[in-house]
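Student: Residue numbers (this note's numbering): 394 to 845.
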Ligand SMILES: [Ca+2]
Ligand SMILES: [Ca+2]
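(1) Compute the minimum distance between the beta carbon of residue 789 and the heavy atoms of ligand 1, and state whether it is under 7 Å.
(2) Please classify residue 802: is it buried, with 16 or more other beta-carbons within 10 angstroms of its beta-carbon, or exposed?
(3) Indicate the three-state DSSP secondary structure (helix, strand or coil) for residue 616 in the structure shown.
(4) Does the distance from the C-beta atom of residue 590 to that of residue 539 stay below 8 Å?
(5) Who does residue 784 pair with in a DSSP beta bridge?
(6) Look up residue 682 in the DSSP assignment and say whether it is helix, strand or coil.
(7) Just list the residues that DSSP pairs residue 653 with in beta bridges.
(8) Using the beta-carbon of each residue, find all residues closer than 5 Å to any heavy atom of ligand 1 and list them in chain order.
(9) Label residue 692 either buried or exposed according to how many other C-beta atoms from any shown protein chain fall within 10 Å of its C-beta, with 16 as the threshold for buried.
(10) Leaving out five residues before and five after residue 508 in sequence, what residues of the same chain have Cβ atoms less than 7 Å from its Cβ?
(11) The beta strand (DSSP E) spanning residue 535 covers which residue range?
(12) In angstroms with no decimal places, state the Cα-to-Cα distance between residue 766 and residue 514.
(13) Could you check where the beta strand (DSSP E) with residue 738 kicks off and where it finishes?
(14) At a cut-off of 7 Å, is residue 797 close to ligand 2 when judged by its beta-carbon and the heavy atoms of the ligand?
(15) Going by beta-carbon coordinates alone, are residue 781 and residue 595 separated by less than 8 Å?
(16) State buried or exposed for residue 880, treating a residue as buried only when at least 16 other CB atoms are found within 10 Å of its CB.
(17) Where do the N-terminal and C-terminal ends of the alpha helix (DSSP H) with residue 554 fall, by residue?
(18) Cα separation between residue 834 and residue 783?
(19) Buried or exposed: residue 731, going by 16 or more other Cβ atoms within 10 Å of its Cβ?
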């Protein structure tokens, strides 16, 4: 049977939205639906350099296709995770002091995030809290991190273009899903019309029927999201749109697996969720936003989000209905831009709502595998920071401590990423740079920063 929140993609594929609504299932009111699986379309795809890493590190990824049994298996794995994580951490010496000073100059486009200790998550009595604190942000806990380099901005279309031109990489959203990819997710895959098995991704539907929108129905968000055939990072709003004028905007419609493929090429990595939150807090503690607790200091918008009542009206008082070019809004003291808003950013970690109750203190890497009680059969990776779609009445993902999740092989028009380089991996980054120099010689791609 169908389980959990069934993604827009699937509803569209089987062309039975009304019937699906009748299944009536769970969607937390404050949860922005990060739609899913075309996901399944590419999981296990052998042509992605990321796929090997995913299957290697994540037993539950196989559970995508096996419905009930997968859910039970995932639930059974909830507790043993603690032992697995503590067994697998050998990449640093706990007796060494935290790495605070940068061991070498920052790679181009990156900034140094000095190591330190911080409080991760939300305390019920803190300024970082809200009326109802999502349970997965608790308990607040002390975390120690060694320093690392982080991209100052979200990865841009210009950077992702350079990657695809060098490697020929094709993203998940650019590949047509296969009927068999949906076994276990759709009751009868034969019901999927052939004409719907086309490549695409998830976008907002600004023309949704406002007369039939009932926000007290748990599945109302699916009325305002749509699967757009031909939408992908090159065509963010559908096949008729392009990135020609968006080269300095964040790349979107990238799945976690796409982000990992980029990282492999760049000799970088996705930040852990702890690294991301620590960096977002910008050396301060207990604040709602990276810059403090005041939404608009001196009346100035500090991030690109949704103003007004979602989904009916976006007042766009920050100047941007969709993404803004990276670096449009002010940076923090560590030089990071858009850690709140603009686009969601993938993190490396698997999702488990109770991870804060048992994760290790120093350099936590997240749980060994995923378990989301809302959708037990679907493994999830973390996303952070909120997007231009986040409003005060819905999602509120632009807080430092807010957590989101998504299946690793799905993207959307408001989701991108940024990378880190940990000093222990500097040689890997340097080697990637040398490889890129070889490929770049003879590349027709226009060079930046040319000053004649
Ligand atoms: Ca905006
Ligand atoms: Ca962001």
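Ideal Cβ placement from N, Cα and C applies to all residues, glycine included. A quick note: this is a predicted structure, and the numbers were derived from the prediction, not measured.
Tutor: Considering the structure as presented:
(1) no
(2) buried
(3) helix
(4) no
(5) 787 and 788
(6) strand
(7) Note: residue 653 sits in no beta bridge, so no partner.
(8) 697, 711, 713 and 781
(9) exposed
(10) 491, 492, 493, 538, 539 and 540
(11) 534-538
(12) 19 Å
(13) 737-743
(14) no
(15) no
(16) Examination of residue 880 is not possible in this model, given that the chain is present from 394 through 845 alone.
(17) 550-560
(18) 42 Å
(19) buried
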